[in-house]
Each structure stands twice: as C-alpha cells, then as structure tokens.
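J.:
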DNA sequence: AAAACACTTACAGATGATGAAAGAAACCCG
DNA sequence: CGGGTTTCTTTCATCATCTGTAAGTGTTTT
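Residue numbers (this note's numbering), protein chains in the order written: chain A, 74 to 296; chain B, 74 to 296.
(1) DSSP on residue 283 of chain A, reduced to helix/strand/coil?
(2) Anything in chain B within Cβ reach of residue 219 of chain A, meaning under 8 Å, just list it in chain order.
(3) Tell me the rounded alpha-carbon separation between residue 89 of chain A and residue 171 of chain B.
(4) Just curious, the beta strand (DSSP E) that residue 78 of chain A is in, first and last residue?
(5) State yes or no: is the beta carbon of residue 165 of chain B nearer than 8 Å to at least one beta carbon in chain A?
(6) Who does residue 291 of chain A pair with in a DSSP beta bridge?
(7) If distances are taken between C-alpha atoms only, which option among B/81, B/246, B/191, B/265 comes closest to residue 223 of chain B?
(8) Quick one: grab the DSSP three-state call for residue 107 of chain B.
(9) Let me make sure I understand the geometry here. Which of A/138, A/286, A/101 has the alpha-carbon closest to that of residue 240 of chain A?
(10) Judging by CA-CA distance, which residue of A/214, A/236, A/125 is the nearest neighbour of residue 174 of chain A?
(11) Could you spell out the range, first to last residue, of the beta strand (DSSP E) harbouring residue 150 of chain A?
(12) Measuring alpha carbon to alpha carbon, tell me which of A/95, A/98, A/97, A/127 ends up nearest residue 105 of chain A.
(13) Select from the segment 170-191 of chain B all residues with a C-beta closer than 7 Å to any C-beta belonging to chain A, and list them in chain order.
(14) Does the Cβ-Cβ distance between residue 79 of chain A and residue 101 of chain A come in under 8 Å?
(15) With a threshold of 8 Å between beta carbons, is residue 124 of chain B in contact with chain A?
(16) Using a threshold of 8 Å, state whether the C-beta atoms of residue 151 of chain B and residue 117 of chain B are closer than that.
(17) With DSSP as the reference, identify every bridge partner of residue 233 of chain A, one or two as the case may be.
(18) What did DSSP end up calling residue 132 of chain B once you bin it into helix, strand or coil?
(19) Taking the alpha-carbon positions, what's the residue 137 of chain A to residue 280 of chain A distance?
(20) In three-state DSSP terms, what is residue 218 of chain B?
(21) Can you tell me which of A/199, A/196, A/205, A/188 puts its alpha carbon nearest to the alpha carbon of residue 196 of chain B?
(22) Figure out for me which residue from A/190, A/260, A/182 has the closest Cα to the Cα of residue 98 of chain A.
(23) If I measure Cβ to Cβ from residue 233 of chain B and keep anything under 6 Å in the same chain, skipping five residues before and after, which residues do I get?
(24) Of all the residues that make up the segment 140-161 of chain B, which are near chain A by a beta-carbon distance shorter than 7 Å?
(25) Could you please give me the residues that DSSP links to residue 125 of chain A through a beta bridge?
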C-alpha cells in the first residue's frame, strides 16, 4: 500500500483530503504545519507528498525545493491560488504536479496515481547533474544509455554524490568503499579512483574527480 | 537537443505549436494525420509525443494506448475538449500529461520540460506489470529494489516482454539469446530458463514462465 | 511401459572485477 | 635545480560470477 503525506495547515481541508485518499486505499500521514515539515517528511519518506500551498508566504515553495533537492520523492502541489506565476515557479522547483482547488477527487486521484506509477523504481536513484545513479546496483544512466559500474566505483561515485561539494579525505572514501577506515590501503583506493575517472570520462560525464593535494578529492564540473 | 513529435491534423494549430517548440529550442517533427501515426512515431522514436486530440473519435486515445504499451515514450495530450471523462481516460491509458486548450505557451513548455526531465534515463526501460527492465544493462526494478540480471536471463526476459502474450518457441528464444537459431542447444536454453525462473521467484515477480508442451514458453501471471 | 519431452543439479572453463606491487609523474620547498 | 613527498598509472595474479556441458531425474503422452 502506497504511503502519502498530506501537508496542510487548515484542519478542514486536511481531513477532507485524507478521507479521499484513504478511501482510495492509500496510507495517509498528516502533517499539520509547515514548520519543520521537511525533516518530518524526510524521516517519514512517504511514496508521495501532497503539498497544499494556501498561504501567500514562500514557505511552501521552500519545502518543495528542499525536498526535490534532497532526494527523489514526488511532490504534488495543490493550491487555491490560480496564478500562472505560482504554477511555473512550482514546476521549475521540480514539483511533479500542480493543481488548483477546487478539484474533483477523480482528477486528483488519477493524476496522483499517474505520478506514483511514473516513480516506480526511482526511489533508489541518486540524481547528479546530467545523470542518475542507482544506489543498489550502481547502474549509471546518462544520455539514454546505461552502464553498470563495478561495485567499488559505484560506491565511490555514490559517496561523492551524497556529500556534494565537500572535500572527501582518503579515510572517508575508504570507509565508504570497505566499511572501515582501518588498514587503509591507500593504493587500492587510488586504483579504484583512477578506474572511476576512466569510466566517467568514457561515458561522457560532465563531472570529474578533482584532487585537493594533501586533503582529498571532490567532484567538480569539468572545465 | 530534445526531439518532439507533434501529432495534429489541423495545419494552423500544428504550425503554431511547432513554432512555440522550436522557439524553445526543441527539434520538432510534424505528423499530420492520425492514420499510421503509431508506426511513424515508433520509427522516429522522439523524446516526447505531443498528441492533439481534437476529434471526438477514439483514434487519438488508440495512439496513446499503443504507444504506452509498446515502450516508454512520454505522451503529452493536448485537447480542446474539456471533459473530465476524457482526461481520466487519457491518464488511465498512461498519458503523462493532459492539458486543455487554450493554454499559454509558458504552461505548456513548463509541463513539457518537467516530463522530459522525469524521463531522463527512462528511454531504455521496458515496462512489465509491476516491474521495469533496463534493456541495456538488464537491471530489473521491482518494489523499490533493483537487481542486475545476468545477460542471458536478461535477454530472455526482454524477449518475453517485447512479444507479450505470445508463445515463444525454443528456436525464437535461442535466436534472442545467441543471435542464431542454428546449432540450437536446447539444453543450454533450458538451463537459462530455469535460472531466470529462479531469479524471478526470488525477487517476487507476479509473473512466471509457463510451459506450453511441444510449442514453447510464455509469460503468464502467477496463479 | 516405453518414448518423448521437460527439468534440475553439479562441474569446469571463460570472463571480468579486485588489490598488490612496482615504477612513473606531478608537486612542494629549499 | 634537486631531493622528498604525494599522487598516478600499468601490469599481474587471484577471486567471484556467469555460462554451457553433461548426466541424471521428472513428467506427460500414447
């Protein structure tokens, strides 16, 4: 059973939405205020977030933005504000759907199901700039082709993506690959880094692994 | 540059849509009549299909249905018929978006871009009931987990999916796996089938491979 | 019961990923 | 420039996994 989180501060509307969703056999979690919603949502990790933007403030957009930044959890925006600007803004932020109230239950449910369907199997995909990485199999998607990375290369790329823009020390990288920082074989790490670099270049990724002498490595945009 | 196919029989509307899309830096292909559109679209294999349903006939829906059945090419339905029923029907058939005309160019483009973004890396995914299969790497997605199938098992599952509901003879399966039907090693095929069955059961797929004695095999829904 | 067909299991060769080792290249600092 | 340190590359043996062979076990049909 799919789990949906409803973010809405108006109790009446919230109840109604929940009822509709429950009737359609979804497991519903209600989140009553925008404050701290991001953390709760990330912890809850529902299959979809139904986000109601009724206040003029930007906090709703902010939630949408940070959710889409963090991981790939579909966000369905529902609003009473019929403003083209708002719609464009939400969509640009990565919202998966934007509907204005009032809205018939059937339409809501149909669109919701559509999105859920489209997200099947996406849960473990890490998003990079111009590519996707499957956290479990280390399948790399780029420009309509896909390649399977060897486990070690996959783990390295994964850690680079989850700690973006940070400089990662050799210890941290060893930890990510072998699960322990003890008995660090710097050479083994070095070899695996080289291999990852080579495959990244081979598939035409826009990123490369930059060396920060004496400190570690980090992912940077190529040239 | 993303390639978009516009299916629309009214020359005026078609021109206008094309102009909007070209201005937004898409490569546009115009398809002027519904007859034979499926084949042309499959051959063209654009990044997205913009499908205009202006006639009351069902042919537009038919195109949508068969496109979604065949592979996963996003379909964006644009229509002047503001009927809830039509919308629900299109969405149920797998349409990725349904907008009613008139519609501002910004909205159209924003939603279009959203869908394209969401489809990145999806091009090679074959859709099964409850799972997805990557045609290139044979990564199998099911219930938020992913597994890499060995090449032979992947090829088998692929051919079962592309020729759904058909009974496949051993010759055809051999052809799919080894590229030749000569020197068919029935036993080798048998072993690979057994292995595929085992992995399918292990990952909990709802389908299984049914045997049709004396004829071949086919994919069926489990019990 | 026998023959034909379908299935399973165990094993050995091939393929590809991995880390060890050794040496080359780049960098830093006087 | 030159020694020392750090980073990088290449080659090779080992290991795991995928694959087809072979032999034997089930199952259906006549």
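Even glycine gets a Cβ: it sits at the ideal position worked out from N, Cα and C.
Bear in mind the structure is a predicted one, so any value in this text is a computation, not a measurement.
T.: Concretely, from the data shown:
(1) strand
(2) 194, 197, 207, 209, 210, 212
(3) 25 Å
(4) 76-80
(5) yes
(6) A/283
(7) B/265
(8) coil
(9) A/286
(10) A/125
(11) 148-152
(12) A/127
(13) 177, 179, 180, 183, 184, 187, 191
(14) yes
(15) no
(16) no
(17) Paired residue(s): none; residue 233 of chain A is not in a bridge.
(18) helix
(19) 26 Å
(20) strand
(21) A/205
(22) A/182
(23) 292
(24) 157, 160, 161
(25) A/151
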